[in-house]
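Visitor: Residue numbers (the numbering used here): 596 to 807. Idealized CB from N, CA, C, for every residue including glycine. Mind having a look at this structure? Questions to follow.
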Ligand SMILES: [Zn+2]
């Protein structure tokens with residue numbers, strides 16, 4: 596996809612996520628690799644009203660080449676691109692349900708959500724929890740870098756998910772699947788649930804391996 600089309604796709608994706616309540620205010624950010632480096636949504640921008648021409652064009656090492664100043668969370672995206680050469684897009688949201696799950700004290704930090712559905716296993720698989728750091732703390736970038744070696748999707752404690760994909764539609768489908776699975780998980784709180792068993796999960800992972 597050429598850069599102009601990718602800019603349009605980022606703006607359309609932001610509007611779709613915003614209109615359906617996956618993000619609010621000026622929270623969340625979207626990025627995608629392009630020939631010159633990667634495109635990122637600007638700081639203080641609302642995902643519902645992005646101007647494709649004003650997206651921040653970033654170099655491979657995370658410097659602003661052109662466009663509006665980048666999101667203050669650019670370092671999250673940079674850590675994933677530097678760690679995982681096969682991933683082409685990253686979506687970070689403060690989605691209500693996934694953020695609620697990031698507040699639970701009794702989850703497994705190595706893999707926060709159980710394998711409730713096949714689509715969750717296929718699109719997310721494993722979801723490590725990254726400990727809380729205050730906004731702007733560069734230690735968060737290192738923690739995300741470490742977690743991204745294990746999974747293309749991570750959950751930031753007391754903050755929200757960061758989900759990558761081979762391309763922007765894969766990353767968006769995955770972050771939506773995560774938000775809906777978090778919603779199911781919260782709805783089922785206190786109920787006796789029957790997640791997929793290890794053999795069912797292994798069968799899905801063999802047929803739909805996570806992105807490299
Ligand atoms: Zn954030």
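Pull the bridge partners of residue 641 from the DSSP assignment, please.
Guide: In the chain shown, counting from the first residue as 1, residue 641 sits at position 46. According to DSSP, residue 641 bridges with nothing at all.
Visitor: Per DSSP, which residues does residue 665 bridge with? Please list them.
Guide: Translated into positions along the chain shown, residue 665 becomes position 70. In DSSP, residue 665 forms a bridge with 637.
Visitor: Taking 7 Å as the cut-off, does the CB of residue 622 come closer than this to any heavy atom belonging to ligand 1?
Guide: Locating residue 622 in the chain shown gives position 27, where the first residue counts as 1. Within the cutoff, so yes.
Visitor: What residues match up with residue 625 in a beta bridge as DSSP calls it?
Guide: By one-based count along the chain shown, residue 625 stands at place 30. Residue 625 pairs with 686.
Visitor: By Cβ distance below 8 Å, which residues in the same chain neighbour residue 610 in space, the five residues on each side in sequence not counted?
Guide: As a first step, residue 610 is located in the chain shown; it is residue number 15 there, counting from the start. Excluding sequence neighbours, residue 610 sits near 642, 643, 644 and 645.
Visitor: What is the C-beta distance between residue 674 and residue 736, in whole angstroms, given that I count them as a contact (C-beta under 8 Å)?
Guide: Position 79 of the chain shown, counting from 1, holds the residue named residue 674. Position 141 of the chain shown, counting from 1, holds the residue named residue 736. So it is a contact: roughly 5 Å between Cβ atoms.
Visitor: Select from 705, 605 and 750 the residue whose C-alpha is nearest the C-alpha of residue 727.
Guide: Residue numbering aside, residue 727 sits at position 132 when the chain shown is read from its first letter. That would be 750, whose Cα lies nearest to the Cα of residue 727.
Visitor: From the DSSP output, which residues share a beta bridge with residue 725?
Guide: On the chain shown, residue 725 is found 130 positions in, with the first residue counted as 1. Partner(s): 751.
Visitor: Can you list, in chain order, the residues of its chain whose CB lies under 7 Å from that of residue 799, leaving out five sequence neighbours each side?
Guide: The residue given as residue 799 occupies position 204 in the chain shown. For residue 799, where only same-chain residues beyond five positions count, the Cβ hits under 7 Å are 713, 716 and 717.
Visitor: When you compare the region 776 to 796 with the region 687 to 702, are there three or more beta-carbon pairs, one atom per stretch, that lie closer than 8 Å?
Guide: Touching, yes.
Visitor: Buried or exposed: which applies to residue 640, given that a residue is buried once 16 or more other Cβ atoms fall within 10 Å of its Cβ?
Guide: To locate residue 640, count along the chain shown from 1; it is residue 45. Buried.
Visitor: Just to confirm, does residue 755 get its C-beta within under 7 Å of one of the non-hydrogen atoms of ligand 1?
Guide: Your numbering for residue 755 matches position 160 in the chain shown. Yes, the Cβ of residue 755 comes within 7 Å of a heavy atom of ligand 1.
Visitor: So residue 739 and residue 725 are supposed to be a Cβ contact under 8 Å. How far apart are they, rounded?
Guide: Taking the chain shown and counting its residues from 1, one reaches residue 739 at position 144. Taking the chain shown and counting its residues from 1, one reaches residue 725 at position 130. Yes, residue 739 and residue 725 are in contact; Cβ-Cβ is about 6 Å, under 8 Å.
Visitor: Tell me whether residue 720 is buried or exposed, calling it buried when 16 or more other Cβ atoms sit within 10 Å of its Cβ.
Guide: Counting from 1 along the chain shown, the entry for residue 720 is found at position 125. Buried, by the Cβ-count rule.
Visitor: Pick helix, strand or coil for residue 743, following the three-state DSSP scheme.
Guide: By 1-based counting over the chain shown, the position of residue 743 is 148. Correct three-state label for residue 743: helix.
Visitor: Under the assumption that residue 637 contacts residue 649 (Cβ atoms under 8 Å), give the Cβ distance between them as a whole number of angstroms.
Guide: Sequence index remark: in the chain shown, residue 637 carries index 42 (1-based). Sequence index remark: in the chain shown, residue 649 carries index 54 (1-based). Their Cβ separation, rounded to whole angstroms, is 6 Å, which keeps residue 637 and residue 649 in contact under 8 Å.
Visitor: Among 682, 729 and 752, which residue has its Cα nearest to the Cα of residue 705?
Guide: The sequence position of residue 705 within the chain shown is 110, counting from 1. Among 682, 729 and 752, the Cα nearest to that of residue 705 belongs to 752.
Visitor: Let's test the definition: count the other Cβ atoms within 10 Å of the Cβ of residue 733 and tell me whether it reaches 16, buried, or not, exposed.
Guide: To locate residue 733, count along the chain shown from 1; it is residue 138. Classification for residue 733: exposed.
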